[in-house]
Amino acid sequence: MLAGRPVIACNSGGPLETVVNEKTGFLCESNPDIWANKMLLFVNDRLLTFKMRDTCRAHVESKFSNKELETVLNAVLGDTIKQHEKFAEMNSQTRKRITKLQKKTQRQSFFVAALLFLAFVPLAPFLFLLGKL
Numbered sequence: 001m002l003a004g005r006p007v008i009a010c011n012s013g014g015p016l017e018t019v020v021n022e023k024t025g026f027l028c029e030s031n032p033d034i035w036a037n038k039m040l041l042f043v044n045d046r047l048l049t050f051k052m053r054d055t056c057r058a059h060v061e062s063k064f065s066n067k068e069l070e071t072v073l074n075a076v077l078g079d080t081i082k083q084h085e086k087f088a089e090m091n092s093q094t095r096k097r098i099t100k101l102q103k104k105t106q107r108q109s110f111f112v113a114a115l116l117f118l119a120f121v122p123l124a125p126f127l128f129l130l131g132k133l
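The letter at position 98 of the sequence shown is residue 98 when you use the UniProt record's numbering, and the numbering goes up by one with no holes.
Shown next, in the form of structure tokens:
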């Protein structure tokens, strides 16, 4: 299409994104008769071919130029970076929560150990006398 040649393409997949039906070419079903008729249309109607020629070139230059591809690529990369930053922030928050829980667990463990110690120390002489210690 960049060379100013209208195209005939299948009405599925990639051509749906690149060909503007009846402006830059024709999107057709997979039927040889339909394709043959579209080819004859180009052969018999030179004015149509010339009209589509300029439209083809302008369409490709506007949709697939380096500047347009750069814009699309920058948008995709920008979205990817934002997602990465979002997940990094989530990981950072998760790490902070885990650290908090670890500290809380350590404090609770120390508290339980202190209670056991305080409960055990007064009983130590009696346990010693009973021969349990």
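Here a beta-carbon is modelled for each residue, glycine too, at the ideal position from N, C-alpha and C.
Note that this is a predicted model, so its numbers are computed, not measured.
Where residue i and residue j are concerned, what is the direct C-alpha to C-alpha distance, given to the nearest angstrom?
i, j, result
"Gln102", "Leu16", "56 Å"
"Asn21", "Asp79", "31 Å"
"Val7", "Gln93", "54 Å"
"Phe87", "Lys96", "14 Å"
"Phe42", "Thr49", "6 Å"
"Ala113", "Ile98", "22 Å"
"Glu68", "His84", "24 Å"
"Pro125", "Lys100", "39 Å"
"Val60", "Asp45", "23 Å"
"Thr105", "Asn91", "21 Å"
"Ala75", "Asn66", "14 Å"
"Leu73", "Arg107", "51 Å"
Which residue wins for smallest C-alpha separation from residue i, given the options the options?
i, options, result
"Asn11", "Asp45, Met39, Val19 and Cys28", "Cys28"
"Met52", "Asn74, Phe26, Met90 and Leu77", "Phe26"
"Met1", "Val72, Cys56 and Pro32", "Cys56"
"Ala3", "Gly13, Gly14, Ala9 and Thr24", "Thr24"
"Ala36", "Ala9, Glu89 and Leu47", "Ala9"
DSSP has residue i in a bridge; who is on the other side?
i, result
"Ile8", "Phe26"
"Asn21", "Gly25"
Taking the alpha helix (DSSP H) that residue i falls in, what are its first and last residues?
i, result
"Leu47", "Arg46 to Lys63"
Write down every uninterrupted run of the alpha helix (DSSP H) in the segment 59 to 126 whose length is 4 residues or greater and which is fully enclosed by it, in chain order.
-> 66 to 120
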